[in-house]
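Student: Residue numbers (the working numbering), protein chains in the order written: chain A, 73 to 668; chain B, 6 to 394. All C-beta atoms, glycine included, are put in the ideal place defined by N, C-alpha and C. This is the structure I have questions about; it appears just below.
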Amino acid sequence: MRKNFSTLVSLLLLAWVGATLLPSGNQGSFDLSGVGRLPVLADGRLKPLDTIARTSLLMIQGRQRVEAPSGVTVEPVAWLLDVFYRPSLADSYPIFRIDHPDVLSIFGLGTGDGTIGVRFSFVQLQSKLSELDRQADLAVGVDATVRTPFQRAVVELRDHVAYYARLKYTVEPAGNDDLLSDLGDPARLAADQSALDAMRDFSLLRVIPPARSDGRPDQWRSVGRALLEPEAAGPETTASLSRVRSYAALGAAWRDGDSAAFNDQVKAYAADLTANLGAVARKSAWEAYFNKVDPFTSSMALYVLAFLLAAGSWLRWPEGLGRCALRAMEFGFVLATAGILVRMWLEERPPVTNLYSSALFIGWGSVGLCLLLERLNRNAVASAAGGMIGFSTLIIAHHLALSGDTMEMMRAVLDSNFWLSTHVVTVTTGYAATFLAGFLAIIYILRGVLTRSLDPRTAESLARMVYGIVCFATFFSFVGTVLGGIWADQSWGRFWGWDPKENGALIIVLWNAVILHCRWGGIIRQRGLMAMAVFGNIVTSWSWFGTNMLGIGLHSYGFTSAAFYGLITFVASQLLLIALVLVPRERWRSRAAATP
Amino acid sequence: MTDLGKGLVRFFNSLRLTVALLILSILLIFAATLDQVHLGVWGVQEKYFRSFLVFARIRGSDLSLPIFPGGYLLAAFLLPNLLVAHFCRFRLSWRKSGIWLTHIGLILLLVGQGLSGLLQRDNQIRMDIGQTRRYSESFREAELAVIDVTRADFDQVVAIPVSKLDGKQSIQNPLLPFQIRPVAYYPNALLRARSQMPSPLPTLATAGVGPELAVEPAPVTYRTDESNFPTAYVEVVTTEGSLGTYLVSSMIVEPQEVTYQGRTFHLILRAERDYFPFALTLTKFTHDIYPGTEIPKDFASTIQLKSDDGRDDREIRIFMNNPLRYGGRAFYQAGYANNDRTTVLQVVRNPSWLVPYVSCALIALGLMIEFGIHLIGFFRRRGKAPSSP
Chain A
73 MRKNFSTLVS LLLLAWVGAT LLPSGNQGSF DLSGVGRLPV LADGRLKPLD
123 TIARTSLLMI QGRQRVEAPS GVTVEPVAWL LDVFYRPSLA DSYPIFRIDH
173 PDVLSIFGLG TGDGTIGVRF SFVQLQSKLS ELDRQADLAV GVDATVRTPF
223 QRAVVELRDH VAYYARLKYT VEPAGNDDLL SDLGDPARLA ADQSALDAMR
273 DFSLLRVIPP ARSDGRPDQW RSVGRALLEP EAAGPETTAS LSRVRSYAAL
323 GAAWRDGDSA AFNDQVKAYA ADLTANLGAV ARKSAWEAYF NKVDPFTSSM
373 ALYVLAFLLA AGSWLRWPEG LGRCALRAME FGFVLATAGI LVRMWLEERP
423 PVTNLYSSAL FIGWGSVGLC LLLERLNRNA VASAAGGMIG FSTLIIAHHL
473 ALSGDTMEMM RAVLDSNFWL STHVVTVTTG YAATFLAGFL AIIYILRGVL
523 TRSLDPRTAE SLARMVYGIV CFATFFSFVG TVLGGIWADQ SWGRFWGWDP
573 KENGALIIVL WNAVILHCRW GGIIRQRGLM AMAVFGNIVT SWSWFGTNML
623 GIGLHSYGFT SAAFYGLITF VASQLLLIAL VLVPRERWRS RAAATP
Chain B
6 MTDLGKGLVR FFNSLRLTVA LLILSILLIF AATLDQVHLG VWGVQEKYFR
56 SFLVFARIRG SDLSLPIFPG GYLLAAFLLP NLLVAHFCRF RLSWRKSGIW
106 LTHIGLILLL VGQGLSGLLQ RDNQIRMDIG QTRRYSESFR EAELAVIDVT
156 RADFDQVVAI PVSKLDGKQS IQNPLLPFQI RPVAYYPNAL LRARSQMPSP
206 LPTLATAGVG PELAVEPAPV TYRTDESNFP TAYVEVVTTE GSLGTYLVSS
256 MIVEPQEVTY QGRTFHLILR AERDYFPFAL TLTKFTHDIY PGTEIPKDFA
306 STIQLKSDDG RDDREIRIFM NNPLRYGGRA FYQAGYANND RTTVLQVVRN
356 PSWLVPYVSC ALIALGLMIE FGIHLIGFFR RRGKAPSSP
């Protein structure tokens, strides 16, 4: 029975993972999944409307789930369709997140006026937008690093309102909800001239593709441009006009609630794209599917499960629960691997391109190492550490995703797949390993001080793991740092420039070297090793995030202060853990383990 | 060996010293990183890394006290620490080959970075489309150029580094019929028209544009977005007496004229130049952005390179991550200006640029051997151990 239990758990997990890969179809009669797959160009990248809807919502309201004014939860892409085609309805969706009470008072609003006290609709903000603008102008004059929370909040809210306004007039000009009939009538279209001008100049999205797939991304055009600047009559113009018509017809059907006509339009347009822009359409459809499956969230759940099962296995039934923990971690790892691979294929980039993907990769690398360690020492220690790191890094990634699209284009200096795949990947592996050593040490400390479960054998095996991982971390962080120096020498002529991010990486290398020298010189034993490995967590988190908060240097990619408090809390917690190691041995609950 | 010698060897042979030095280095780098917000990357390098001691000013006074060892001092301890440990402790053996390689690489890296600090010259070239340049200009160093423009077909240039203007000694050069006597020097100063100042300081200048200008000394800046304007008063002295005291400054763009014995000289204080034995002509500059954004995708300069000896006359493209290495210099695409009609290239001259590559390869190999030996040993022991649970 006991043997069968873990097999049963594995099968259940497998079934659950399988189920997450088959997302539910359309809720209503409208083919929303089909619309979500349609590609557009935004921020220099071709992506599906589904991504636009989700990242816009994340940015404006801090989450993807959106409620219609009636209180019903709708699909993100349904919200986007309302923004495009029923702007006055969209204006009453409570999507603008406002936390600062002084910002609310600009609009004469209180927390009682918002949905759950923090989300407000455009209608509620509309009358006082000029005041918001004035306040934001005042705040912009202040250097970004020294703005007060209020100033940051008004600037942010104004950006969100502007973003929303630009999104609204993607397909139809302001004040016109019958573009379809205007398209056939040049005189009526001419009346829209100024609104179309605005669309051409300010549209966030370029929805009209070039006629055929040999077109480059810069040949995608906004609706405003397609209507105002038709190229000399030819296949290009015919194709783009017919696509504008498709979008207009889609809008008419959406407004009329005519699902049959809507679905026909989606189908026809998708067929047109498949025929003429096959590769683009395929990628876009994959990305929409990837958004729905959301493998990282599933893998986060599995990591939590792995941690709980592993921790449980130290208290009772080590073999069975331990095996289940390993299985959960393996499934989480497979999902995360698939997610990272899909992202790499979509972006055509190495795995790490920005802070968000570095969080994914650090988690992936650490869990991968844990899988190896768990094979060598079947005591669920590595499963617990892997679960913990995997979960934490995915939570961090989740918060980093709030700033918008996580697959952003690379600035010119960074636009080098060769260096991204060598330097960045190696140095990030170094980060991952340093964190792993630190988390293994945390397990040692917590189990040793607070429980009786740390027997000498486990303690010895943990010490061996930490030592081995520190060696691994030294190697990768050193090689990664050096490759960064070589990249710098190749691209701007200096091997080392004391840039904050470079310094951060160097400090990690030096700290790992300190640990190794202390160990070789007999200056530290088991407990000292653990304390120093935990301090490695502080060092690594500082180079990962702290250096970005300085807002200087070539590597800084702008950052919010929320992360600053997160970092402070993390550092404090690690110091507390180091203090725990210093608790005299007699006080440890696992006395046997506490060799000097 | 004397007791002192033995004591020194014991001191430098200590692993505890290594650990202490590494921790001090970490603290130094950490402090320097935080201080970059105030000082900028150049100021930090001068204060923390290219110094023996880090000084801090006591609040409310001009007194500075040394509070921390600087980069040079730490390196000065680390190097003997490494060397002594190797001569006294380690035997040359296969088992120790990883450590040997790592530490030799480390020594080379430290020495190489020291050399780079001494030898590396960072200059830049700004050129418009169609322009030809035969020299690069320093970011920070300036020179006083005395140019004999008497002959129509060529100019003869005598360049005096500004550091010489800081001294008391007159500058004499066989190519010049006069001496340049330094009168006063300001590493950074602003110039204003005297007529627009209510109560200007007295001027020391007696000739050229100097008498109309007032000098306002300013503190030296290390910020990357600001420049220093070195300024000096120099007297032109001949055997027959003085030709006048001139005010020279990098803020004065027009050369000032000195005539003597029928020859005409131009005096100008300008960025230090490095002349090439070849000429570069910018034929094209492109600056791509991602469609629908302001994010730069690439910038590239197309340049015609023509060497004086006539052996090279070819077209070259310099773009991000793809520099030109030629004539002992490396040319990097650094920026652009003037609505994409001007390119900015960074020119680096560093004869020791290969050292870090070699040393890092040694260290990486060394670490691989060292940890590889550990790993193999670990698996051997596992293999011998009775079946693991």
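(1) Measure the C-alpha to C-alpha separation of residue 346 (chain B) and residue 243 (chain B) and round it to an integer number of angstroms.
(2) Nearest-angstrom Cα distance between residue 386 (chain A) and residue 530 (chain A)?
(3) Expressed to the nearest angstrom, what Euclidean distance is found between the alpha-carbon atoms of residue 478 (chain A) and residue 597 (chain A)?
(4) Mind pulling the chain A residues with CB within less than 8 angstroms of residue 49 (chain B)?
(5) Exposed or buried, which one is residue 161 (chain A) when buried takes at least 16 other CB atoms within 10 Å?
(6) Within this structure, are the beta carbons of residue 292 (chain A) and residue 118 (chain A) separated by less than 9 angstroms?
(7) Output the boundary residues of the alpha helix (DSSP H) element that contains residue 271 (chain A).
(8) Count the other CB atoms, across all protein chains shown, that sit within 10 Å of the CB of residue 198 (chain B); report buried if there are 16 or more and exposed otherwise.
(9) Can you find the residues in the same chain that come closer than 6 angstroms, C-beta to C-beta, to residue 454 (chain A), ignoring five residues on each side of it along the sequence?
(10) Can you find at least 3 beta carbon pairs, one from the segment 190 to 205 of chain B and one from the segment 216 to 227 of chain B, that sit closer than 8 angstroms?
(11) Any contact of the segment 174 to 182 of chain A with the segment 238 to 257 of chain A, i.e. 3+ C-beta pairs under 8 angstroms?
(12) Taking just the CA atoms, how far does residue 330 (chain A) sit from residue 359 (chain A)?
(13) Going by the beta-carbon positions, is the gap between residue 255 (chain B) and residue 268 (chain B) smaller than 9 angstroms?
(14) So, at 6 angstroms on beta carbons, what are the nonlocal neighbours of residue 370 (chain A) in its own chain, with the 5 sequence-adjacent residues on each side left out?
(15) Roughly how many whole angstroms lie between the Cα atoms of residue 344 (chain B) and residue 135 (chain B)?
(16) Quick one: which chain A residues come within Cβ less than 7 angstroms of residue 363 (chain B)?
(17) Give the range of the alpha helix (DSSP H) segment to which residue 401 (chain A) is assigned.
(18) Could you give the uninterrupted runs of the alpha helix (DSSP H) lying entirely in the segment 124 to 161 of chain A, keeping only those of 4 residues or more?
(19) Cα separation between residue 75 (chain B) and residue 61 (chain B)?
(20) In the DSSP assignment, the beta strand (DSSP E) including residue 246 (chain B) goes from what residue to what residue?
(21) Touching or not, the segment 168 to 187 of chain B and the segment 371 to 385 of chain B, by the rule of three or more beta carbon pairs under 8 angstroms?
(22) Which residue or residues does DSSP assign as beta-bridge partners of residue 303 (chain B)?
(23) On the DSSP bridge assignment, give the partners of residue 342 (chain B) in chain order.
(24) Checking the sheet assignment: what are the DSSP bridge partners for residue 280 (chain B)?
(25) Can you tell me where the beta strand (DSSP E) holding residue 205 (chain A) begins and where it ends?
(26) So, at 6 angstroms on beta carbons, what are the nonlocal neighbours of residue 281 (chain A) in its own chain, with the 5 sequence-adjacent residues on each side left out?
(27) Runs of 3 residues minimum, wholly inside the segment 105 to 161 of chain B: which ones carry the beta strand (DSSP E) assignment?
(28) Quick check: the Cα distance between residue 626 (chain A) and residue 279 (chain A), rounded to an integer number of angstroms?
(29) Counting only C-beta atoms, is residue 105 (chain B) closer than 9 angstroms to chain A at any point?
(30) Is the CB of residue 387 (chain B) under 9 angstroms away from at least one CB in chain A?
(31) Buried or exposed: residue 648 (chain A), going by 16 or more other Cβ atoms within 10 Å of its Cβ?
(32) Exposed or buried, which one is residue 342 (chain B) when buried takes at least 16 other CB atoms within 10 Å?
(33) According to DSSP, simplified to helix, strand and coil, what is residue 493 (chain A)?
(34) Is there contact here, the segment 479 to 496 of chain A with the segment 586 to 597 of chain A, by at least three beta-carbon pairs under 8 angstroms?
(35) Do residue 353 (chain B) and residue 322 (chain B) come within 9 angstroms of each other at the CB atom, strictly closer than that value?
(36) Name, going along the chain, the residues of the segment 286 to 319 of chain B whose beta-carbon falls closer than 7 angstroms to a beta-carbon of chain A.
Tutor: In terms of the structure at hand:
(1) 46 angstroms
(2) 11 angstroms
(3) 43 angstroms
(4) 570
(5) exposed
(6) yes
(7) 265 to 274
(8) exposed
(9) 442, 445, 446
(10) yes
(11) no
(12) 27 angstroms
(13) no
(14) 92, 407
(15) 15 angstroms
(16) Near residue 363 (chain B) there are no residues of chain A at all, since even the closest Cβ is about 11 angstroms away, more than 7 angstroms.
(17) 390 to 419
(18) 148 to 157
(19) 12 angstroms
(20) 246 to 254
(21) no
(22) B:293
(23) B:347
(24) B:140
(25) Run containing residue 205 (chain A): none in the beta strand (DSSP E); it sits in the alpha helix (DSSP H), 201 to 212.
(26) 292, 349
(27) 126 to 133, 137 to 153
(28) Because residue 626 (chain A) carries a pLDDT of 42, less than 50, the predicted location of this residue cannot be relied on, and the following value inherits that uncertainty. Rounded to whole angstroms, residue 626 (chain A) to residue 279 (chain A) spans 34 angstroms at the Cα level.
(29) no
(30) yes
(31) exposed
(32) exposed
(33) helix
(34) no
(35) no
(36) 295, 296, 297, 298, 300, 301, 302, 303, 304
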